[in-house]
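*Asks:* The sequence shown begins at 16 in our numbering and counts up one residue at a time. For glycine and all other residues, C-beta sits at the position ideal for the given N, C-alpha and C. Bear in mind the structure is a predicted one, so any value in this text is a computation, not a measurement.
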Amino acid sequence: MIHILILGYNEEKALPGMLARLDETLRQQHEPFRFVVVDDGSVDATASVVQALAGKLPVLLLRHETNRGVAKAFDTGLRRIAGEARPEDFIITMEGDGTNDPGSLLPMLRRLAEGYDVVCASRYCPGGAYVGFPLFRRFLSLSANLLTRLVLAIPGVEDYTIFFRGYRAGVVQRALRAFGDDFIESRSFASNAELLIKAWRSGDLRCCEVATIYRYDLKHGKSKMKVCSNAAEYFRMFRRTLGRRAQAPR
C-alpha cells in the first residue's frame, strides 16, 4: 500500500489538479494507494474540494479546525498513517501547493521497492533544479542544507529541507516508538528535517535521492513560510534533537 500524505492550507486551487496528476501517475504501477490530505484550518474551500473528489479518488481528509502550522499538520498525518499502515507499506510526503513534481514519484517508489528506507526528492543531485524560486529563498535553502549536511552527514542525503520524500512505513513507526510524544517537536518547516534526523537516530537507515525539479513557478498563493522564525527553529531543532538519545524502539 502506498500512502500519499499531502499538507494543505488554503490550497483550493492547487489540490484538484495535483491529485488528478498523482492519481494518473500512481495507476501506472498497479499497487493500491490512497491520498491522506491534512487541511490545516484553511479558510477557503480546501476541505470542500477534497470532499468532492473523495467520490472519484481514494482520498482521506483530516482537518484541523484552526490553523496549527505545518509541523502539527505533518504530525497529524504521519501518526494517522503510521497507526494504520503495515511496516512494508510506503509513505510519500508532499506539499499541497503544486510545487512538487509528480514525475519524480515513480522513480522514488522504485527505489523504495529496491530496499531503501528513505528516498529524498532532491534539487541538488544531478538532474535536480529549481524553477521560479526567488534568489533570496534559494540562498536560504542552500544555506540550511549546507548547515544540515555539516551537522548530520547522513549517507545518501543532500537535500534535507524539501518535503517531497518517501519512507518505508516501518521506519516512521520505529521513530514514533523511539520518540513518542516528542516525535515532532518543531513548530515550523524544520519538522521535515527533524523527521529525517529522528528516523536516522532510531535505527539503521539506508537512504538515497532521486532528482526532482522544484516548480515554485506553479505555486498558488503566497508562501506560508516565515523565513526568520523558520531559520531560528532550525537551530532549536538541532539543539533538541542532537542533544537527546532516542529510546530503544519497543
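Closer than 6 Å by C-beta to residue 19: which residues in its own chain qualify, once you throw out the five before and the five after it? Chain order, please.
*Replies:* If we look at residue 19 and ignore the five residues flanking it on each side, its Cβ neighbours are 50, 107.
*Asks:* Quick one: Cα of residue 54 to Cα of residue 114, how far?
*Replies:* Their backbone Cα atoms lie some 17 Å apart in a straight line.
*Asks:* To the nearest whole angstrom, what separates the beta carbons of residue 21 and residue 109, a pair I think is in contact under 8 Å?
*Replies:* 5 Å
*Asks:* Quick test of your reading: residue 169 and residue 222, contact by CB under 8 Å. State the CB separation rounded to the nearest angstrom.
*Replies:* The Cβ separation is near 6 Å, so the contact holds.
*Asks:* For residue 31, which residues of its own chain have a beta-carbon under 8 Å away from its beta-carbon, when the five flanking residues on both sides are left out?
*Replies:* 64, 68
*Asks:* Over the uninterrupted alpha helix (DSSP H) stretch that includes residue 185, give me the two end residues.
*Replies:* Secondary structure note for residue 185: its alpha helix (DSSP H) is the uninterrupted segment 184-194.
*Asks:* Measure the C-alpha to C-alpha separation of residue 16 and residue 123 and round it to an integer number of angstroms.
*Replies:* 14 Å
*Asks:* Between which two residues does the alpha helix (DSSP H) holding residue 110 run?
*Replies:* Counting along the chain, residue 110 falls outside any alpha helix (DSSP H), though it belongs to the beta strand (DSSP E) covering 105-110.
*Asks:* Please say whether residue 183 and residue 104 have beta carbons closer to each other than 9 Å?
*Replies:* In contact: residue 104 and residue 183 (Cβ atoms closer than 9 Å).
*Asks:* Alpha carbon to alpha carbon, how far is residue 147 from residue 231? Give it in angstroms, no decimals.
*Replies:* 5 Å
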